[in-house]
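Asks:
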Amino acid sequence: MVPGTIPQPAFYIFKCQQSAPPGMPKPSCVKADDQESQELFQYLAQKLMQKGIMPAVTPIQTGCLNRCQLGPVMLVEPGHTMYVGLTKEKMDRIIDEHIIGGNVVEEYVIPAEMWGEPLSPASMAR
Ligand code: FES
Numbered sequence: 001m002v003p004g005t006i007p008q009p010a011f012y013i014f015k016c017q018q019s020a021p022p023g024m025p026k027p028s029c030v031k032a033d034d035q036e037s038q039e040l041f042q043y044l045a046q047k048l049m050q051k052g053i054m055p056a057v058t059p060i061q062t063g064c065l066n067r068c069q070l071g072p073v074m075l076v077e078p079g080h081t082m083y084v085g086l087t088k089e090k091m092d093r094i095i096d097e098h099i100i101g102g103n104v105v106e107e108y109v110i111p112a113e114m115w116g117e118p119l120s121p122a123s124m125a126r
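Numbering follows UniProt numbering, in which position 93 of the sequence shown is assigned residue number 93; successive positions increment by one, without gaps.
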């Protein structure tokens, strides 16, 4: 670390916190009838603190990441890794194996057909 500089985090974790209003047919990552889905962001933040790695990892609450039907979802950057169908148990493994261990937990990653190649802003710009 360079003296006098503020180090950057190694990871940002964007956790979708979008909830659909009760009665709305659209799926969402935080569900009114699913307590665990409501607790996941808090759980993530607490785990990062308990592990002592919070300065190296910044959890961020975000709105819809457009993969609602696979929720709860979160995106890990860098790496553009989208995890889907999250539970507390899955988060534990992602923190231990990916964030600390450096190995993506492939079985929780979004299926390839739902996460194609990135769109190119340069080719789309008017
Ligand atoms: S509500 Fe979470 S991805 Fe859309």
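Quick reminder that beta carbons are idealized off the backbone N, C-alpha and C, glycines included.
Between the Cα of F41 and those of G52, I110 and F14, spot the shortest distance and give me the residue it belongs to.
Replies: That would be F14, whose Cα lies nearest to the Cα of F41.
Asks: What does a CB cutoff of less than 7 Å around S28 pick up in its chain, not counting 5 residues either side in sequence?
Replies: Answer for S28: Q18, S19, A20, C68 and G71, listed in chain order.
Asks: Please report the straight-line C-alpha distance between P7 and M74, rounded to a whole angstrom.
Replies: Roughly 24 Å between the two C-alpha positions.
Asks: According to DSSP, simplified to helix, strand and coil, what is L119?
Replies: The answer is coil: DSSP assigns L119 none of H, G, I, E or B.
Asks: At 3 residues or longer, what runs of the beta strand (DSSP E) sit wholly inside the region 66-90?
Replies: Entirely contained in the region 66-90, the beta strand (DSSP E) runs reaching 3 residues are, in chain order, 74-77 and 81-83.
Asks: Closer than 7 Å to a non-hydrogen atom of the ligand FES - does that hold for the CB of V76?
Replies: It does not: the Cβ of V76 is nowhere closer than 7 Å to a heavy atom of the ligand FES.
Asks: Is T81 buried or exposed, if buried means 16 or more other CB atoms sit within 10 Å of its CB?
Replies: With 16 or more Cβ atoms within 10 Å of its Cβ, T81 is classed as buried.
Asks: Does the distance between the C-beta of L40 and the nearest non-hydrogen atom of the ligand FES fall short of 7 Å?
Replies: No, the ligand FES has no heavy atom inside 7 Å of this Cβ.
Asks: What did DSSP end up calling S28 once you bin it into helix, strand or coil?
Replies: Coil, per DSSP.
Asks: Taking 8 Å as the cut-off, decide whether the C-beta atoms of E117 and Y12 are in contact.
Replies: No. Outside cutoff.
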